[in-house]
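Note sheet for the following structure.
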Ligand SMILES: Cc1ncc(COP(=O)(O)O)c(C=O)c1O
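In this note's numbering, the protein residues as written are 28 to 548.
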């Protein structure tokens with residue numbers, strides 16, 4: 028891989044010293060990450076303090092849709108910084124422009140927005156709007172959903188991780204299952220466009236839990252954190268109809284699915300959804316902290332002056348980023364490119380899946396694709412019944428939630444600028460960083476994943492991605508065997524293996540080098 032260069036064990040000497048210093052002062056509470064200290068990044072390439080370069084396979088975790096430090100974004104935010112850094116709750120030129128630009132970029136019916144700073148904050152605002160507008164307090168969410176880590180966002184979500192150990196959830200959170208076409212033991216994905224068995228079951232859960240104060244529904248267009256699960260076609264539209272028929276409000280969480288990620292500017296465009304409220308985060312600022320909640324004027328009309336506010340919401344620098352990112356999307360035609368590359372990728376990946384015994388499922392659209400590895404495709408059902416599926420069913424029947432993804436999942440989360448830059452990248456992810464969880468409990472104990480593939484950045488060659496998937500698929504068996512053979516020798520809950528690696532023949536060598544680095548610590 029030409030663009031990733033690692034000289035020696037990781038972390039390098041500077042990185043090692045800095046990492047030690049880091050947690051002398053800042054609590055060591057973030058997830059397992061690669062043991063490197065980032066210094067700079069351009070496009071999809073990250074450089075650490077020791078001069079090693081890596082490919083950011085996560086697009087800054089679905090944030091840097093225009094690439095790291097896009098020069099135009101840097102220019103516009105620097106100019107704004109020099110002019111005005113903060114003004115609490117007041118108008119500023121950048122904020123006014125950003126609001127106009129964002130509303131103009133949204134589907135017509137969403138004619139108002141409000142700026143905040145994080146996705147979780149946008150979820151909180153959406154929850155408050157649903158309650159305030161209806162005067163009711165129950166919110167229906169989905170098992171496996173992730174809407175953020177603040178208390179009510181976690182309560183509306185369906186992952187136990189952000190909630191466990193924190194006492195009772197927010198009253199009024201009702202969770203129903205999310206249909207997963209690849210793992211569908213109850214046939215909930217059948218019978219579209221009505222999806223009768225699903226909606227019958229959903230209604231029975233609601234009936235058993237609601238106190239009669241239903242306000243609304245919050246849903247992601249696809250569930251990222253649960254394993255990049257895309258519901259069956261037409262299900263979201265049917266959900267919207269159900270919401271309307273029941274006089275509720277619909278919030279669509281587009282924090283990660285927007286800004287071209289799925290091949291449309293907004294994922295809601297795929298099925299012409301008309302949610303009452305949309306939450307927006309991540310790529311709206313492509314790295315500059317900003318988020319927004321957008322809704323109809325009718326929904327916002329329930330709020331009195333002073334009811335929605337945030338110290339940094341509408342910050343001039345963040346607002347300048349909102350407009351600059353929208354400029355870049357237009358100028359570089361990123362949405363169209365995302366759709367075109369996504370279509371090509373999916374077709375080729377599906378071809379590969381036909382012959383690869385480990386590639387169980389290829390799902391997604393645009394520049395977000397999950398590729399689920401299974402141990403043996405033909406025995407998939409047995410494997411599931413024996414392991415992760417049983418776990419999921421138990422959990423769903425228990426508290427209605429799934430904890431975290433429990434399968435071997437690979438996510439392609441790539442940028443959108445093919446052909447403008449020779450850099451191309453794809454790699455095998457070995458770090459089990461939250462998106463990837465092995466079904467094999469032996470591997471789970473070490474949080475080490477069997478190989479997955481992450482691709483990311485602003486300039487990719489689809490051919491390279493596809494070639495790399497072919498190579499990685501072939502290498503999967505080898506790496507799995509390697510990991511299984513060394514499982515006992517590796518420390519329990521080992522620090523993650525580095526999240527960047529090289530493909531093909533060098534792959535195992537890289538794994539070995541990283542292992543050595545860990546043992547040497
Ligand atoms: C769908 C979705 N909603 C909400 C959030 C929360 O956003 P933040 O981490 O900015 O609070 C995330 C973050 O990953 C997300 O993926």
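Ideal placement from N, C-alpha and C gives every residue a C-beta, glycine not left out.
Asked, Found
"In this structure, how does DSSP classify residue 140 when only helix, strand and coil are distinguished?", "strand"
"With DSSP as the reference, please indicate the residues paired to residue 65 in a beta bridge.", "75"
"Name the DSSP beta bridge partners of residue 202, please?", "168"
"Would DSSP call residue 238 helix, strand or coil?", "coil"
"Along the chain, where does the alpha helix (DSSP H) containing residue 318 start, and where does it finish?", "Careful: residue 318 lies outside any alpha helix (DSSP H), inside the beta strand (DSSP E) at 318-322."
"Please report the straight-line C-alpha distance between residue 49 and residue 131, rounded to a whole angstrom.", "42 Å"
"Determine contact between the stretch 174-184 and the stretch 220-239, defined as no fewer than three beta-carbon pairs at a distance below 8 Å.", "no"
"Please determine if the stretch 318-326 and the stretch 121-139 are in contact, where contact requires at least 3 C-beta pairs separated by less than 8 Å.", "yes"
"DSSP state of residue 394, grouped into three classes?", "coil"
"Tell me where the beta strand (DSSP E) around residue 305 begins and ends.", "304-307"
"What are the uninterrupted segments assigned as alpha helix (DSSP H) that are 4 or more residues long and contained completely in the stretch 211-275, given in chain order?", "223-236, 262-272"
"If we count the other Cβ atoms within 10 Å of its Cβ and call it buried at 16 or more, is residue 117 buried or exposed?", "exposed"
"Any heavy atom of ligand 1 closer than 8 Å to the Cβ of residue 89?", "yes"
"When DSSP labels each residue in this structure, what does residue 349 get in the three-state scheme?", "helix"
"Hey, residue 393 and residue 288 are a contact pair by Cβ (cut 8 Å); roughly how many whole angstroms apart?", "6 Å"
"Got a sec, what are the start and stop residues for the alpha helix (DSSP H) residue 283 sits in?", "Premise fails: residue 283 is in no alpha helix (DSSP H) and is neither H nor E."
"Please go through the same chain and pick out, in chain order, the residues whose beta-carbon is closer than 7 Å to the beta-carbon of residue 105, but skip the five residues on each side of it.", "none"
"May I ask you to report which of helix, strand or coil DSSP gives residue 56?", "coil"
"Is any non-hydrogen atom of ligand 1 found closer than 8 Å to the C-beta of residue 309, if you look at the structure I gave you?", "yes"
"Hey, could you find the ends of the alpha helix (DSSP H) residue 150 is sitting in?", "146-161"
"With a CB to CB cut of under 8 Å and the five nearest residues on each side skipped, what residues in its chain are close to residue 420?", "Low confidence applies to residue 420: its pLDDT is 30, below 50, so where it sits in the model is not reliable, and the reading given next is rough at best. Hits under 8 Å: 212."
"Whose C-beta lies closer than 7 Å to the C-beta of residue 111 among residues of the same chain, with five residues either side of it excluded?", "119, 343"
"Using a Cβ-based criterion (distance less than 8 Å to any ligand heavy atom), does residue 352 qualify as near ligand 1?", "no"
"Under 8 Å: does the beta carbon of residue 283 sit that close to some heavy atom of ligand 2?", "Summarising the ligand content, the structure contains ligand 1 and does not contain ligand 2."
"Any heavy atom of ligand 1 closer than 8 Å to the Cβ of residue 173?", "yes"
"Residue 180: beta carbon under 8 Å from a heavy atom of ligand 1?", "yes"
"By a C-beta neighbour count over all protein chains shown, 10 Å radius and 16 as the cutoff for buried, is residue 380 buried or exposed?", "buried"
"Using beta-carbon positions only, say whether residue 280 and residue 247 come within less than 9 Å of one another.", "yes"
"Report yes if the CB atom of residue 282 is closer than 9 Å to the CB atom of residue 244, and no otherwise.", "no"
"State buried or exposed for residue 6, treating a residue as buried only when at least 16 other CB atoms are found within 10 Å of its CB.", "In the structure as shown, the chain begins at 28 and stops at 548. Residue 6 is therefore absent and cannot be evaluated."
"Since residue 265 and residue 222 should fall inside the 8 Å C-beta cutoff, what is the C-beta to C-beta distance between them, to a whole number of angstroms?", "5 Å"
"Can you name, in chain order, every residue of its own chain whose Cβ lies under 6 Å from the Cβ of residue 341, other than the five neighbours on each side?", "122, 142"
"Using C-beta distances below 8 Å, list every residue in its chain close to residue 177, excluding the 5 sequence neighbours before and after it, in chain order.", "147, 148, 150, 151"
"Please return the same chain residues whose Cβ sits closer than 8 Å to the Cβ of residue 237, not counting the five positions on each side in sequence.", "165, 201"
"Sorry if obvious, but does the Cβ on residue 252 come closer than 8 Å to a heavy atom of ligand 1?", "yes"
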